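Written out below as structure tokens is the structure these notes cover.
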Amino acid sequence: MDGNYLIPANANRGRLILGYFRGIDLFIFLFGVLVSFILLIIFQDEMDNTWIAVATLIPVGICLLLVLPIPYQHNVLVLLQAIYNFYFVNQQKYKWRGWCFKDGEIRK
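As numbered in the numbering used here, residues 2 to 109 make up the sequence shown, in order.
So this is what it looks like as structure tokens:
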């Protein structure tokens, strides 16, 4: 190929755990599992109430949704970080400076 190399789109998957997860992703998920497990131990006598049973599983559910892989992004957490950075951190204002406008008025 004359020194030209084609890198496949999934080349970075080799650096991920199981091809999908970063270390922080697994930490977030395991933290959610730990919190839910602690809540299950605390409220084990009240598990006959459906609302309490669902409330104890909410932390693991939220963490699972954050690390869920989605197309065109790595996962939901990375997508939320990109949205936050785009709208709140790196917000740029572009001023129109064209050849036909001067201070918002058309030149004659």
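Just so it is clear, CB atoms sit at the ideal spot from N, CA and C, and this is done for glycine as well. Every value quoted in this text rests on a predicted model; they were computed, and no experiment measured them.
Roughly how many angstroms lie between the CA atoms of residue i and residue j, to the nearest whole one?
| i | j | result |
| --- | --- | --- |
| V77 | L66 | 7 Å |
| L1 | V34 | Here the chain covers residues 2 to 109 and nothing more, so residue 1 does not appear. |
| H75 | Y21 | 8 Å |
| W114 | I59 | This structure cannot settle anything about residue 114, because the visible part of the chain is limited to 2 through 109. |
| N86 | K94 | 15 Å |
| P70 | F32 | 18 Å |
| L116 | I63 | Since the first residue shown for the chain is 2 and the last is 109, residue 116 is missing from the structure and cannot be characterised. |
| G24 | D49 | 36 Å |
| A83 | P72 | 14 Å |
Run the CB neighbour count on residue i, radius 10 Å, all protein chains shown included, and call it buried at 16 or more, exposed below.
| i | result |
| --- | --- |
| I29 | buried |
| V61 | buried |
For residue i, which of helix, strand or coil comes out of DSSP?
| i | result |
| --- | --- |
| F44 | coil |
| V34 | helix |
| V68 | coil |
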